[in-house]
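Take the sequence shown: its position 3, counting from 1, is numbered 3 in my numbering, and each next residue is one higher.
Glycine is no exception: its CB is placed at the ideal position from the N, C-alpha and C atoms.
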Amino acid sequence: MKPTLIAPSVISADFGYLRADLARAEQGGADMLHVDIMDGHFVPNISFGPAIAKTIRSHTKLPLDVHLMLTKPRKFITSFAEAGATNITIHIECEDTILTAINEIHDFDCKVGLSVKPKTPLSAVAEHLGRIDRLLIMTVEPGFGGQKFMPDMMAKVREAVAIRQQNNYKFDIEVDGGLDKYSIWDAVRAGAEVIVAGTAVFGQADVGKAIQELRDNAKEALAYLNPPQAGGAPS
Ligand code: DX5
Ligand code: ZN
């Protein structure tokens with residue numbers, strides 16, 4: 001079983017001290033940085049654009065997991081790929097042709113993520129699941145950090161695990177919204193492998209300690225999922 005990946009969400013960082021916050025996350029053991037892009041149309045909020053993504057890229061070696069909450073994401077794939085995105089995630093609910101967007105992202109040698117909002121069933125993404133690298137299951141309505149985790153979404157995570165197994169698909173499963181040291185338990189036990197956390201990391205006084213706490217709880221949840229076999233070597 002692979003270790004759970006922790007992806008602090010930059011939107012919760014202190015932008016006056018962005019460089020320092022990014023360094024704290026990197027030194028604190030983050031596996032990647034989650035970069036939320038909002039257009040004020042697909043979601044009722046605006047964040048920032050490719051120029052800031054490029055700045056983030058220049059201040060960290062961590063992979064950048066770019067989450068495009070845009071009505072027309074295709075228009076910005078080139079800019080975010082050139083800004084240094086490692087992964088570009090688009091929403092199935094956007095207005096662009098999904099297959100074309102997936103191919104364009106892959107053409108830049110970026111990994112492709114596809115996201116579903118809480119009210120969108122997995123059947124909406126079924127035809128694309130064999131082509132993507134990451135499935136992002138939203139655990140809040142996208143638009144704002146600091147919202148309450150929706151435990152009902154764990155059924156969707158379990159469904160994604162089953163579909164992946166049945167079809168031998170390769171995507172990893174990411175959850176985003178309201179993840180903290182408590183909800184991470186539910187998420188990991190349901191099968192989530194990448195945990196996005198904004199408030200639970202950058203909203204804490206000690207960023208490194210917050211990441212470690214998430215990691216420890218994820219590890220415990222994984223151990224609960226896969227208890228050591230009787231007579232086997234202790235893990
Ligand atoms: C929500 C964003 C999330 C959010 C996470 O629209 O996609 O990445 O900022 O923040 P927390 O962890 O505070 O819910
Ligand atoms: Zn996000």
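Do you know offhand how far residue i's Cα is from residue j's?
| i | j | result |
| --- | --- | --- |
| G203 | D216 | 18 Å |
| L18 | P8 | 13 Å |
| K209 | V116 | 30 Å |
| F76 | I132 | 19 Å |
| V207 | A25 | 6 Å |
| A200 | L179 | 7 Å |
| S79 | H34 | 17 Å |
| A13 | V196 | 13 Å |
| M32 | A155 | 26 Å |
| P118 | V161 | 17 Å |
| R158 | P227 | 19 Å |
| S123 | I163 | 10 Å |
| V140 | Q229 | 36 Å |
| A221 | D109 | 33 Å |
| L22 | T100 | 33 Å |
| Q212 | I137 | 23 Å |
| P63 | A20 | 17 Å |
| P142 | F42 | 9 Å |
With a threshold of 8 Å on Cβ separation, who are the neighbours of residue i within its own chain once the five nearest residues in sequence on each side are excluded?
| i | result |
| --- | --- |
| I98 | I90, I92, L114 and H128 |
| T120 | I92 and E93 |
| E193 | K2, T4, L5, D172, I173 and E174 |
| G130 | N167 and Y169 |
| G241 | No statement about residue 241 is possible, as the shown extent of the chain runs from 1 to 235 and does not include it. |
| E95 | T71 and K72 |
By Cβ distance below 6 Å, which residues in the same chain neighbour residue i in space, the five residues on each side in sequence not counted?
| i | result |
| --- | --- |
| G40 | I46 |
| E104 | I77 |
| L68 | I37 and I90 |
| I102 | V112 and R131 |
| G145 | I11, S12, G198 and T199 |
Evaluate residue i with the Cβ neighbour count: other Cβ atoms within 10 Å of its Cβ, from every protein chain shown; 16 or more gives buried, anything less gives exposed.
| i | result |
| --- | --- |
| F15 | exposed |
| I214 | First, the residue type needs correcting, since residue 214 is Leu and not Ile in the sequence shown. Buried, since its Cβ has 16 or more Cβ neighbours within 10 Å. |
| K236 | The structure shown has nothing for residue 236, since the chain only spans 1 to 235. |
| L225 | exposed |
| A30 | buried |
| A237 | Nothing can be reported for residue 237, as the shown portion of the chain is limited to 1 through 235. |
| D65 | buried |
| A85 | buried |
| P44 | exposed |
| A223 | exposed |
Between residue i and the rest of its own chain, which residues show a CB-CB distance below 7 Å, the 5 nearest in sequence each way excluded?
| i | result |
| --- | --- |
| A83 | P50, A53, K54 and R57 |
| A218 | T4, I184, V188 and I195 |
*asked:* Within 8 Å, do at least three Cβ pairs link the region 176-193 to the region 142-156?
replied: yes
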